[in-house]
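Numbering (our numbering), first residue to last: 395 to 719.
Shown next as structure tokens:
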């Protein structure tokens, strides 16, 4: 699929109302754009990527234009802000299934972070590249990129935990159970420490890396390691009290639970969870979840004629044929 981004990717754009006129850049704009990004991230979790992606691309063009006009001290701050917006643009593109745009925006985010001297953001981008590798089932690159991210700079606990989760996923994809479970164990300690403090470091980027997020990915790793019963238990427990503000991640977690049920021959339950995940995937425009649900659809083919399975397979076929994810 194609999604729009600014045509001039290096020198900035003329923008309606700005043209080529020199502007006096207000330093408060850096805080304004940081706060706006938090609001858009919350909207993304509720409404999905499609409603957010185009707005992110437009705003990135505006930020870039003002950054070109800013004095040196403010320019550095705006480079850091732009890097975070570019990473978010990549995340929304990932969820829309546009791999080209997602990779482009992460490359931009890394370059901007380097120019801003923001090593924590650079580490976060490497972690996200590891996540993309894991989504492609490339365990080797996922572990390598995640280790690179963890080594760049001292990270806040939640950000380091994200690096370890990506390492755990990579090791699980490679069938390396000891290393996968060790990485998850360390991540648990980091999340526990972050929670006990009660307030995140101001430099924390991955504030979404909560215990629920970690437990969901632990379930995924267990599933990849062939421990479907343990994966199902972990995912059932975490989904029972899943935070409502993280619907994108809930969609994936329910998809993984459905796959776990297939592996232990709980087929009717797989159909039920698959249908729940499908409803969320359609509502949030989650191409990542649809790929996983496609695996579920294939695994359930010819397994049973139960109403739950037939209902899921029919609904998936309909959504897959009509949705623009």
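Quick reminder that beta carbons are idealized off the backbone N, C-alpha and C, glycines included.
The structure presented is a predicted model; accordingly, all values stated were derived computationally and were not measured.
Should residue i go down as buried or exposed, given a rule of 16 or more other Cβ atoms within 10 Å for buried?
i: residue 574; result: buried
i: residue 584; result: buried
i: residue 695; result: exposed
i: residue 459; result: buried
i: residue 433; result: exposed
i: residue 426; result: exposed
i: residue 689; result: exposed
i: residue 606; result: buried
i: residue 658; result: exposed
i: residue 531; result: exposed
i: residue 484; result: buried
i: residue 722; result: With the chain running from 395 to 719 in the structure shown, residue 722 is simply not present.
i: residue 566; result: buried
i: residue 443; result: buried
i: residue 639; result: exposed
i: residue 544; result: buried
i: residue 437; result: exposed
i: residue 715; result: exposed
i: residue 596; result: exposed
i: residue 704; result: exposed
i: residue 663; result: buried
Quick check: the Cα distance between residue i and residue j, rounded to an integer number of angstroms?
i: residue 624; j: residue 652; result: 13 Å
i: residue 712; j: residue 462; result: 47 Å
i: residue 439; j: residue 602; result: 11 Å
i: residue 494; j: residue 523; result: 13 Å
i: residue 660; j: residue 469; result: 56 Å
i: residue 707; j: residue 549; result: 43 Å
i: residue 535; j: residue 666; result: 34 Å
i: residue 590; j: residue 552; result: 12 Å
i: residue 635; j: residue 587; result: 21 Å
i: residue 415; j: residue 455; result: Caution applies to residue 415, whose pLDDT of 38 falls short of 50 and renders its modelled position unreliable; the value that the coordinates give is listed next. Taking the straight line from one Cα to the other gives about 15 Å.
i: residue 409; j: residue 452; result: Reliability of the predicted coordinates at residue 409 is poor, the pLDDT of 36 falling under 50, and no value is obtained from them.
i: residue 480; j: residue 700; result: 45 Å
i: residue 472; j: residue 482; result: 15 Å
i: residue 502; j: residue 508; result: 10 Å
i: residue 609; j: residue 628; result: 7 Å
i: residue 654; j: residue 691; result: 13 Å
i: residue 673; j: residue 467; result: 47 Å
i: residue 491; j: residue 580; result: 31 Å
i: residue 378; j: residue 423; result: Limits of the chain in this structure are 395 at one end and 719 at the other, which puts residue 378 out of reach.
How is the alpha helix (DSSP H) around residue i delimited, first residue to last?
i: residue 579; result: 571 to 591
i: residue 512; result: That residue, residue 512, is in no alpha helix (DSSP H); it is neither H nor E in DSSP.
i: residue 618; result: 605 to 618
i: residue 692; result: 681 to 694
i: residue 559; result: 551 to 567
i: residue 650; result: 641 to 657
i: residue 535; result: 533 to 546
i: residue 623; result: 622 to 634
i: residue 444; result: 444 to 463
i: residue 665; result: 661 to 678
i: residue 715; result: 701 to 716
If residue i sits next to residue j, beta carbons under 8 Å apart, how far is it from one beta carbon to the other, in whole angstroms?
i: residue 516; j: residue 500; result: That belief does not hold up - the Cβ atoms of residue 516 and residue 500 are roughly 11 Å apart, past 8 Å.
i: residue 682; j: residue 488; result: 6 Å
i: residue 435; j: residue 474; result: Actually they do not touch by this definition, with Cβ atoms about 16 Å apart.
i: residue 620; j: residue 568; result: Contact flag wrong, Cβ pair sits at about 13 Å.
i: residue 671; j: residue 645; result: 5 Å
i: residue 612; j: residue 558; result: At roughly 11 Å, the Cβ-Cβ gap does not stay under 8 Å, so residue 612 and residue 558 are not in contact.
i: residue 678; j: residue 641; result: 5 Å
i: residue 521; j: residue 540; result: 6 Å
i: residue 537; j: residue 561; result: 5 Å
i: residue 512; j: residue 477; result: 6 Å
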